[in-house]
Amino acid sequence: MISIRGKSYNLGIPIICRLTCSSLECTNKKEDFLYTHNASEINNNSYAGFILNSKDNVHLQTLAPVFQYCSDEIHFNEGDILFIEPRGKITKLYDPLSFTNSIFLTERCNCHCIMCPQPPKAHDEFDWVEFAIQSIKLMNPCTECIGITGGEPTLEWSGLLKVIETCSTYLPSTQIQLLTNARVLKDHIKAKELAEIGGGNLFVSIPLYSDVDSIHDKICGSKGVFWDCIEGIYNLERYGVDIELRTVIIKDNYRRMTQFAEFIYRNIPFVGNVAFMAMEPIGIALKNIKRLWIDPVDYMSQLSGAIKILWRRDMGVSIFNHQLCTLPQELWPLAKKSISDWKIVYFDECENCKEKESCGGFFFSAEKYRSRAISPIR
Ligand code: SF4
Ligand code: SF4
């Protein structure tokens, strides 16, 4: 999700809307919102609303909602879904051209991870579930994949089920990727409910950071998370849900990467994929950066060893958030372009790199925390 500040006029309540820019006819659907660069079009209050580039003049004669923004900060596409607040904040919830769209369900969480990119809050400011349901109804039915995230989405249990049900109705062929720490799913009745409602479109991504319970619990900032998570994983498997494990590599867990891989193979070999990830240096992760961050070059032997253990045994493996020049070439086929489009940046070194197209780049927050191995591939 990306947000900008602007000015809004005649907007009494927050709205969720789908942006249409080419056809005025679309505006008679009340859920659509007209995007225009032509301020002279604002003369008919039957339109659902307008979004203006800041270079345009606003004609306040209209009663329709008008939002004015600074054009350099955000790029709009037809079919975008926006959340617009009366106080002038605009958040892009969905971009039909992106492959990394997510639905946000709650800011609350039952963990306090030491590298959480988005610090959880005690209470939600908005009814995110309702926003999610409205957004799904406006999405392109051909959307390939949609993520469900938080906070911890399973804390909004009935809302989560409603959201998945709405996806099944409005996006019947879309893959649904639920990102959860799986603690709540140690309750096998809930795991069963989730499996039944998600059907074949659902797969669940679960963070697991170590083969040692105390290391995982320390990273998650809460006791008992490891065993809750393992129970959740077994319950999902019992009810036939596809599972992906995700592990972020930091100073606390890199030394045991090969033991971790062996643990997965011995105890949870049914998972469809294991993703090894570099940390996103933002939020709590940035606050704790000195004690967490390790240059990928310094854990490459452990990472390669772990990957070989899983790969040679025919398990699915991926590498997320790593730049190609930090990896040995034999691992490149496993490196995915995993960073959300709106967070990706490339730095000066990348300009002359022949692999730039295939490289997933950096988080925009990673400027100060770049590997010493970054250099153009020629
Ligand atoms: S990283 Fe995920 S599980 Fe951990 S505190 Fe943040 S939202 Fe919760
Ligand atoms: S130089 Fe830049 S584009 Fe090339 S591999 Fe490294 S990070 Fe990627």
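Positions -7 to 370 (the working numbering) are the ones given, in order, by the sequence shown.
All residues carry an ideal CB built from backbone N, CA and C; glycine is no exception.
Integer Cβ distance of residue i from residue j, believed to fall under 8 Å
i      : j      : result
ILE8   : ILE82  : Rounded, the Cβ-Cβ distance is 11 Å, inconsistent with contact.
LEU152 : THR146 : 6 Å
SER206 : ARG248 : Not quite, the Cβ-Cβ distance comes to about 12 Å (not below 8 Å), so this is no contact.
LEU374 : SER350 : With the chain covering only -7 through 370, there is no way to say anything about residue 374.
LEU228 : ILE235 : 6 Å
GLN321 : TYR246 : 21 Å between Cβ atoms; not a contact.
ARG113 : TRP149 : Looking at the sequence itself, residue 113 is Lys, so the reference to Arg does not match. So it is not a contact: roughly 18 Å between Cβ atoms.
LEU171 : GLY213 : Not really, about 18 Å apart at Cβ, beyond 8 Å.
GLU117 : PRO6   : That belief does not hold up - the Cβ atoms of GLU117 and PRO6 are roughly 11 Å apart, past 8 Å.
Proximity test, residue i beta-carbon vs ligand 1 heavy atom, cut-off 7 Å
i      : result
ASN280 : no
GLN110 : yes
ASN173 : yes
GLY139 : no
CYS402 : Because the chain is modelled from -7 through 370, residue 402 falls outside the range shown and cannot be assessed.
HIS104 : yes
GLY224 : no
GLU272 : no
GLU401 : Beyond the ends of the chain as shown, which are -7 and 370, falls residue 401; an answer cannot be given.
GLU144 : yes
GLY101 : The sequence shown places Cys at residue 101, rather than the Gly named in the question. CYS101 Cβ: within cutoff of ligand 1.
CYS9   : no
CYS212 : yes
Any non-hydrogen atom of ligand 2 closer than 7 Å to residue i Cβ
i      : result
TYR361 : no
ILE372 : Because the chain in this structure spans residues -7 to 370, residue 372 falls outside the shown range and cannot be described.
LYS348 : yes
PRO368 : yes
GLU341 : yes
TYR338 : yes
CYS159 : no
CYS351 : yes
Proximity test, residue i beta-carbon vs ligand 3 heavy atom, cut-off 7 Å
i      : result
GLN315 : Absent from the structure shown: ligand 3. Ligands present: ligand 1 and ligand 2.
**OP:** Could you name each continuous beta strand (DSSP E) segment of 3 residues or more that falls completely within the stretch 281 to 325, going from the start of the chain to the end?
**Re:** DSSP assignment within the stretch 281 to 325 yields the following whole beta strand (DSSP E) runs of 3 residues or more, N-terminal first: 309 to 312.
Original post:
Does the count of Cβ pairs from the stretch 97 to 117 and the stretch 126 to 139 closer than 8 Å reach three?
Top reply: Here the stretch 97 to 117 makes no contact with the stretch 126 to 139; the two share fewer than three CB pairs at distances below 8 Å.
Original post:
If you scan the stretch 234 to 272 from start to end, which runs of the beta strand (DSSP E) of 3 or more residues do you find wholly inside it?
Top reply: The DSSP assignment places complete beta strand (DSSP E) segments of no fewer than 3 residues inside the stretch 234 to 272 at 234 to 240 and 265 to 269, in order along the chain.
**OP:** Inspect the CB distances between the stretch 236 to 243 and the stretch 256 to 270 and report whether three or more fall short of 8 Å.
**Re:** The answer is yes - the stretch 256 to 270 touches the stretch 236 to 243, with three or more Cβ pairs under 8 Å.
Original post:
Touching or not, the stretch 189 to 197 and the stretch 165 to 179, by the rule of three or more beta carbon pairs under 8 Å?
Top reply: Below 8 Å, enough C-beta pairs join the stretch 189 to 197 and the stretch 165 to 179 to call them touching: three or more.
Original post:
Counting pairs of beta carbons, one from the stretch 287 to 300 and one from the stretch 361 to 368, are three or more of them closer than 8 Å?
Top reply: Under the 8 Å Cβ criterion, the stretch 287 to 300 counts as touching the stretch 361 to 368, having at least three qualifying pairs.
Original post:
If we count Cβ pairs, one from each stretch, closer than 8 Å, do we get three or more for the stretch 337 to 352 versus the stretch 268 to 280?
Top reply: Cβ pair count under 8 Å is below three, so no.
**OP:** Could I get the ranges of all uninterrupted alpha helix (DSSP H) runs contained in the stretch 146 to 172, with 4 residues as the minimum, in chain order?
**Re:** Taken in chain order, the whole alpha helix (DSSP H) runs of length 4 or more contained in the stretch 146 to 172 are 149 to 162.
Original post:
Could you give the uninterrupted runs of the alpha helix (DSSP H) lying entirely in the stretch 87 to 157, keeping only those of 4 residues or more?
Top reply: Listed in chain order, they are 120 to 130.
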